[in-house]
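See below for the structure under consideration.
Protein chains: 2
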Amino acid sequence: MAYEQLKLDNQLCFRLYTAARLTMGTYHPYLDPLGITYPQYLVLLVLWEQDKQPVNDIAHKLFLETNTVTPLLQRMEKAGLVKRAKGKEDTRQRIVSLTKKGIAMREQAKHIPDCLSDEIIKISGEEEEFVRMIPTLDKLIEGLKQQ
Amino acid sequence: MAYEQLKLDNQLCFRLYTAARLTMGTYHPYLDPLGITYPQYLVLLVLWEQDKQPVNDIAHKLFLETNTVTPLLQRMEKAGLVKRAKGKEDTRQRIVSLTKKGIAMREQAKHIPDCLSDEIIKISGEEEEFVRMIPTLDKLIEGLKQQ
DNA sequence: TCAATTTATATCGTTCACGATGCAAATATA
DNA sequence: TATATTTGCATCGTGAACGATATAAATTGA
Chain A
9 MAYEQLKLDN
19 QLCFRLYTAA
29 RLTMGTYHPY
39 LDPLGITYPQ
49 YLVLLVLWEQ
59 DKQPVNDIAH
69 KLFLETNTVT
79 PLLQRMEKAG
89 LVKRAKGKED
99 TRQRIVSLTK
109 KGIAMREQAK
119 HIPDCLSDEI
129 IKISGEEEEF
139 VRMIPTLDKL
149 IEGLKQQ
Chain B
9 MAYEQLKLDN
19 QLCFRLYTAA
29 RLTMGTYHPY
39 LDPLGITYPQ
49 YLVLLVLWEQ
59 DKQPVNDIAH
69 KLFLETNTVT
79 PLLQRMEKAG
89 LVKRAKGKED
99 TRQRIVSLTK
109 KGIAMREQAK
119 HIPDCLSDEI
129 IKISGEEEEF
139 VRMIPTLDKL
149 IEGLKQQ
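Here the protein sequences line up with chains A and B, keeping their order. Per the numbering used here, residue 9 is the first one in the first sequence, and the count goes up by one each step. Per the numbering used here, residue 9 is the first one in the second sequence, and the count goes up by one each step.
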């Protein structure tokens, strides 16, 4: 069968695409009460690690384009989570910093990763199998990130 | 460190999310010439396996909601790839079938999975490691799919 | 120093993804 | 059989993603 390759079952990408969507869905019960989305949570993770970063740095750490991150940050600014100030050395830059609300959310969010781990353990009985994917995913991301 | 869990590096979901996006990006050179997107390609895969399916069946096979698939199919109908006819037994259903153009595209697309495998081999040196993720991803999807 | 190029961000248009809601047809139940 | 519920699909609104394009500031180079 010449078309065997076209079967959905054979596709790795389809599984990544589906697993990513469904996994993001499991964050809903934890992020909805905070009034944020998953990509916004990722931006907060980046800023909690280091406050006051230009748009480009945030975008790079998330492997996103600035034309995705800019509107994301605008919505987050509107929601009072971040401020966007003009850069002092380089005025083209927009330095993104956390507001008090954005800083405070760290405390509310700190249990989310453990909760998600628990969800995955509940699903699978054991976590190890999923943790074992991490280096492979990193390899894939590393290989694909330069265009 | 109480916040150690909140480091981006620790997150599995972030890797799935990123790997999925970047992998979908590698389809662009193959799908752009056909004038279709990755989700549209997935719909075609489903219909190439079995033509004439109601919206619900397509949505289920892709783990998507009908409110995602309906507009997708409307765009594909506009592009002349599929037709959407009222069901005969159950008139609530919309039976989606391939047009000649949609059928013909199967031939043009049949090398895409091999091309993608080659891309991944080029990145990694070997394919096995990625293939080994498949059962784990299936387990994850299986566990998450019932909401 | 002044024009050319690069860089940082923003804007626009299109396509998902999905929660919420609507509606008509089919099915179940009283 | 009349009413209630469920089912299948569609519509609407919002928030990503991302290609293409724009714009102003910084940098390079003649």
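Glycine included, every Cβ here is placed at the ideal spot set by N, Cα and C. Predicted model only: the values in this text are computed from it and were never measured.
Within 10 angstroms of its Cβ, does A/Ile129 collect 16 or more other Cβ (buried), or is it exposed? With fewer than 16 other beta carbons inside 10 angstroms of its own, A/Ile129 counts as exposed.
Minimum length 3: unbroken beta strand (DSSP E) runs contained in the stretch 87 to 122 of chain B: Counting whole runs of 3 or more residues, the stretch 87 to 122 of chain B contains the beta strand (DSSP E) stretches 90 to 94, 102 to 106.
Would a C-beta distance cut-off of 8 Å place A/Met141 and A/Leu52 closer than the cut-off? Cβ atoms of A/Met141 and A/Leu52: not closer than 8 Å.
Between A/Tyr11 and B/Asp122, what straight-line distance do the alpha-carbon atoms span, to the nearest angstrom? A straight line joining the alpha-carbon of A/Tyr11 with that of B/Asp122 spans about 11 Å.
Quick check on the burial criterion: 16 or more other C-beta atoms within 10 angstroms. Buried or exposed for B/Gln19? Label assigned to B/Gln19: buried.
Starting from A/Pro41, follow the alpha helix (DSSP H) in both directions and report where the run begins and ends. Counted as a single uninterrupted DSSP element, the stretch harbouring A/Pro41 is not any alpha helix (DSSP H), since DSSP gives it neither H nor E.
What is the DSSP secondary structure of A/Gln19, reduced to helix, strand or coil? Coil at A/Gln19, not helix or strand.
Would you call the stretch 78 to 87 of chain A in contact with the stretch 30 to 50 of chain A, where contact means no fewer than 3 C-beta pairs closer than 8 Å? Contact between the stretch 78 to 87 of chain A and the stretch 30 to 50 of chain A is present, because at least three Cβ pairs lie under 8 Å.
Taking the alpha carbon of B/Lys15 as the reference point, which residue from A/Pro143, A/Lys153, A/Glu57, A/Thr76 has its own alpha carbon closest? By alpha-carbon distance to B/Lys15, the top candidate from A/Pro143, A/Lys153, A/Glu57, A/Thr76 is A/Glu57.
Ignore the nearest five residues each way along the sequence and tell me which others in B/Leu39's own chain have a CB closer than 7 Å to its CB. Contacts found: Thr45, Tyr46, Tyr49.
If we call anything under 8 Å between Cβ atoms a contact, is A/Tyr149 one with B/Arg23? The identity of residue 149 of chain A in the sequence shown is Ile, whereas the question assumes Tyr. Going by C-beta atoms, A/Ile149 is nearer than 8 Å to B/Arg23.
Residue closest to B/Gly43, alpha-carbon to alpha-carbon, out of B/Gln116, B/Val54, B/Val77: Closest by C-alpha distance to B/Gly43, out of B/Gln116, B/Val54, B/Val77, is B/Gln116.
Secondary structure of B/Gln61, DSSP reduced to three states: Strand at B/Gln61.
C-beta neighbour in chain B for A/Asn75, strict 8 Å: It does not: the Cβ of A/Asn75 has no partner Cβ on chain B nearer than 8 Å.
Listed in chain order, which residues of the stretch 25 to 57 of chain B have Cβ atoms closer than 8 Å to some Cβ of chain A? For the stretch 25 to 57 of chain B, the set of positions with a beta-carbon nearer than 8 Å to some beta-carbon of chain A reads Tyr25, Thr26, Ala27, Ala28, Arg29, Leu30, Thr31, Met32, Gly33, Thr34, Tyr35, Tyr46, Leu50, Leu53, Val54, Trp56, Glu57 in chain order.
Short of 7 Å in beta carbon distance, which residues of its chain neighbour A/Glu135, apart from the five on each side in sequence? Order them along the chain. Hits under 7 Å: Ser125, Ile128, Ile129.
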